[in-house]
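Visitor:
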Amino acid sequence: MAEPEWKQFEILVANIQKELSPGSVVIHNDKILGRKSRVTRQIDVSIRGKVAQFDFLVIIDCKDYAQPVDVKDIEDFLGLIDDVGAQQGAMVSAKGYTEAARNRGMDAGIALYRLVDTDPHKWQAKVRA
Numbered sequence: 001m002a003e004p005e006w007k008q009f010e011i012l013v014a015n016i017q018k019e020l021s022p023g024s025v026v027i028h029n030d031k032i033l034g035r036k037s038r039v040t041r042q043i044d045v046s047i048r049g050k051v052a053q054f055d056f057l058v059i060i061d062c063k064d065y066a067q068p069v070d071v072k073d074i075e076d077f078l079g080l081i082d083d084v085g086a087q088q089g090a091m092v093s094a095k096g097y098t099e100a101a102r103n104r105g106m107d108a109g110i111a112l113y114r115l116v117d118t119d120p121h122k123w124q125a126k127v128r129a
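Structure (structure tokens):
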């Protein structure tokens, strides 16, 4: 049985990160204990690496919504970033972001992306020169 589309989206994002970060550990559907909540938190994609003697954690939230991501999702994600102690958070959306979400995300330092990939799948980007 095929994976649900939302899961395929997350796996695609994880695979792209593996290509972009060959020296890091990229995990799809990671589980990280919250420092403040003290419960296990689900992370769509985590990236762990090291710069000099410093460990770093980047978490990515994937949103395959039919409409642009709104500010509420950004604020929920900010809480997750803080709880797991990530040094950076990024969100990948299939449909982009509302103006309020872009403003809040950029102000908080969250990297906001739309999935752009040319492989044949639902999220394929048709690129013309």
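At position 78 of the sequence shown the residue is numbered 78 (this note's numbering), and the sequence of numbers has no breaks.
Think of the CB as a built atom: it goes at the ideal place given N, C-alpha and C, for glycine as much as any other residue.
Tell me which residues share the same chain as Lys-7 and place their Cβ nearer than 6 Å to its Cβ, disregarding the 5 neighbours each side in the sequence.
Guide: Once the five neighbours on either side are set aside, Lys-7 has no close Cβ partner at all.
Visitor: Do the CB positions of Gly-34 and Ile-74 come within less than 8 Å of each other?
Guide: No; because the gap between Cβ atoms is not below 8 Å, this pair is not in contact.
Visitor: Using CA atoms only, rank isn't needed, just tell me which of Ala-52, Ile-60, Gln-53 is closest to Gln-42.
Guide: Of the listed residues, the one whose Cα sits closest to Gln-42 is Ile-60.
Visitor: With a CB to CB cut of under 8 Å and the five nearest residues on each side skipped, what residues in its chain are close to Gly-23?
Guide: The answer, listed in chain order, is Gly-49.
Visitor: Using the rule of at least 16 other Cβ atoms within 10 Å of the residue's Cβ for burial, across every protein chain shown, is Asp-30 buried or exposed?
Guide: Answer is buried; the Cβ neighbour count reaches 16.
Visitor: Quick one: what's Gln-42 bridged to in DSSP?
Guide: In DSSP, Gln-42 forms a bridge with Lys-31.
Visitor: What separation, rounded to the nearest whole angstrom, lies between the Cα atoms of Ser-21 and Ala-100?
Guide: For Ser-21 and Ala-100, the distance between alpha carbons rounds to 30 Å.
Visitor: With 16 as the cutoff for other CB atoms within 10 Å, does Tyr-65 come out buried or exposed?
Guide: The residue in question, Tyr-65, is exposed, as its Cβ has fewer than 16 Cβ neighbours within 10 Å.
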